[in-house]
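Peer 1:
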Amino acid sequence: MSGLEELRDGCADPSVEHLASLHDQALRLGRIVGDLGELGEAESARLSLHLAEVDLTALAGAAVAEREAELRTAGLTVRTVPGPGVESRPPPGGKYP
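In terms of the working numbering, the sequence shown opens at residue 296 and continues consecutively.
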């Protein structure tokens, strides 16, 4: 995070844009750390898999709603448009090859 070092050393002004950029970087790094932790759990077999039917339209809508403020700040608009029903079920016996 060279931006933080620049601020600390007095080489950069703490402008709103600069601080917003550093905030976004911190959020991205936090998500990466979380993803790596989850991957580590999966590889060590501590992560359990719970199979269930899921409404993918509702799941996508919830994901967009959760990030709505970030998307709006970035000037992006995302719309979820329900399509034909999609179902995902585990194979017979509940085990994948």
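Glycine is no exception: its CB is placed at the ideal position from the N, C-alpha and C atoms.
Note that the structure is a prediction, hence the values are computed from the model and not measured.
Using only the alpha-carbon positions, how far apart do residue 296 and residue 317 sit?
Peer 2: The residue labelled residue 296 in the question sits at position 1 within the sequence shown. The residue labelled residue 317 in the question sits at position 22 within the sequence shown. Residue placement at residue 296 is flagged as unreliable, the pLDDT there being 47, under the threshold of 50; the coordinate-derived value follows with that caveat. Distance between the alpha carbons of residue 296 and residue 317 is about 8 Å.
Peer 1: Reducing DSSP to helix, strand and coil, say where residue 298 ends up.
Peer 2: Counting from 1 along the sequence shown, the entry for residue 298 is found at position 3. Helix.
Peer 1: Taking 7 Å as the line, does the beta carbon of residue 335 fall inside it for any heavy atom of the ligand MN?
Peer 2: For the ligand MN, the structure offers nothing, since it holds no ligand at all.
Peer 1: Identify the continuous alpha helix (DSSP H) that holds residue 371 and give its terminal residues.
Peer 2: Taking the sequence shown and counting its residues from 1, one reaches residue 371 at position 76. Careful: residue 371 lies outside any alpha helix (DSSP H) and carries neither H nor E.
Peer 1: Hey, residue 313 and residue 307: beta-carbon distance below 8 Å or not?
Peer 2: Here residue 313 refers to the residue found at position 18 when the sequence shown is read from its first residue. Here residue 307 refers to the residue found at position 12 when the sequence shown is read from its first residue. Yes; because the gap between Cβ atoms is below 8 Å, this pair is in contact.
Peer 1: Nearest-angstrom Cα distance between residue 302 and residue 310?
Peer 2: As a first step, residue 302 must be located in the sequence shown, where it is residue number 7. As a first step, residue 310 must be located in the sequence shown, where it is residue number 15. If you take the alpha carbons of residue 302 and residue 310, they lie about 10 Å apart.
Peer 1: Confirm, please, whether the CB-CB distance from residue 368 to residue 356 is below 8 Å.
Peer 2: The residue given as residue 356 occupies position 61 in the sequence shown. The residue given as residue 368 occupies position 73 in the sequence shown. The answer is no: Cβ separation not under 8 Å.
Peer 1: Look at the alpha carbon of residue 361 and the alpha carbon of residue 300, and state the distance between them as a whole number of angstroms.
Peer 2: Walking along the sequence shown from the start, residue 361 turns up at place 66. Walking along the sequence shown from the start, residue 300 turns up at place 5. In a straight line, the C-alpha of residue 361 is about 31 Å away from that of residue 300.
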